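Working notes for the structure below.
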Amino acid sequence: MKTSNATIGSILAAIIWADGEFSEIERTTIAEIAEALGLTEKELSMNVTAALVELKNMDEDKATDFAVKHAAKVDDEETGEVFQALLQMALCDNVLTYGEVHNLLALAQALDIDRDAAVLMLCDLVKSEPELEVSFEPEDE
524 MKTSNATIGS ILAAIIWADG EFSEIERTTI AEIAEALGLT EKELSMNVTA
574 ALVELKNMDE DKATDFAVKH AAKVDDEETG EVFQALLQMA LCDNVLTYGE
624 VHNLLALAQA LDIDRDAAVL MLCDLVKSEP ELEVSFEPED E
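When we follow the working numbering, the leftmost residue of the sequence shown carries the number 524, and every step to the right adds one.
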């Protein structure tokens with residue numbers, strides 16, 4: 524990939540941050556994403572962890588700005604692959620939250636992916652996850 528491992532780690536961390544915990548399934552998903560994107564798992568995991576430390580004390584607006592800033596660094600030819608990885612991360616714990624959707628749509632815009640296309644991509648993945656729980660409640664700040 525032309526996009527740096529650190530950039531991908533930062534935007535994946537923003538999706539993890541949105542649901543409030545870095546679970547074992549998310550750690551496993553990082554390994555799957557690293558393999559799919561041809562990245563080093565150890566390095567991607569370290570970059571995600573470092574970005575989570577940065578995100579730790581941010582509010583939602585600052586975290587979204589952080590994610591968007593890093594998403595803008597993704598190579599134009601890799602935006603689709605990277606967005607698919609973000610969708611995979613958001614859905615891996617079988618819970619899709621208001622905050623995750625907010626971040627996914629902001630990241631889609633930063634990646635120059637049409638909002639309608641991003642929603643359809645999300646719907647396509649949601650229909651393949653019969654156990655998915657959707658939370659309509661915005662998280663308390």
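Don't be surprised by glycine CBs; every beta carbon is placed ideally from N, CA and C.
Quantities reported herein were computed from a predicted structural model and do not represent experimental measurements.
Cα separation between alanine 640 and asparagine 580? By one-based count along the sequence shown, residue 640 stands at place 117. By one-based count along the sequence shown, residue 580 stands at place 57. Rounded to whole angstroms, alanine 640 to asparagine 580 spans 32 Å at the Cα level.
Can leucine 634 and valine 597 be called in contact, C-beta distance under 7 Å? Here residue 634 refers to the residue found at position 111 of the sequence shown. Here residue 597 refers to the residue found at position 74 of the sequence shown. With contacts defined by Cβ atoms closer than 7 Å, leucine 634 and valine 597 form a contacting pair.
Just tell me which of Asn528, Gly532, Trp540, Ile534 has its CA closest to the CA of tyrosine 621. Within the sequence shown, the letter at position 98 stands for residue 621. Nearest C-alpha to tyrosine 621: Trp540.
Expressed to the nearest angstrom, what Euclidean distance is found between the alpha-carbon atoms of valine 618 and threonine 563? As a working note, residue 618 is residue 95 in the sequence shown. As a working note, residue 563 is residue 40 in the sequence shown. Looking at the two C-alpha atoms, the distance is approximately 27 Å.
Is the beta carbon of threonine 526 closer than 7 Å to that of glutamate 601? Within the sequence shown, the letter at position 78 stands for residue 601. Within the sequence shown, the letter at position 3 stands for residue 526. At a Cβ-Cβ threshold of 7 Å, glutamate 601 and threonine 526 count as neighbours.
Return the CA-CA distance between alanine 574 and aspartate 582, expressed in angstroms with no decimal places. Residue numbering aside, residue 574 sits at position 51 when the sequence shown is read from its first letter. Residue numbering aside, residue 582 sits at position 59 when the sequence shown is read from its first letter. About 14 Å.
Taking the continuous alpha helix (DSSP H) assigned at glutamate 566, which residues delimit it? The residue labelled residue 566 in the question sits at position 43 within the sequence shown. It spans 564-578 - the alpha helix (DSSP H) in which glutamate 566 sits, taken as one unbroken run.
Put leucine 655 into one of helix, strand or coil per three-state DSSP. One-based indexing of the sequence shown puts residue 655 at position 132. In the structure shown, leucine 655 sits in coil (DSSP, three-state: anything other than H, G, I, E or B).
Would you decide whether valine 657 is buried or exposed? Buried here means 16 or more other CB atoms lie within 10 Å of its CB. The count along the sequence shown starts at 1 and reaches residue 657 at position 134. Valine 657 is exposed by the Cβ-count criterion.
Rounding to the nearest angstrom, what Cα-Cα distance links valine 649 and alanine 590 in this structure? The sequence position of residue 649 within the sequence shown is 126, counting from 1. The sequence position of residue 590 within the sequence shown is 67, counting from 1. Cα-Cα distance, rounded: 22 Å.
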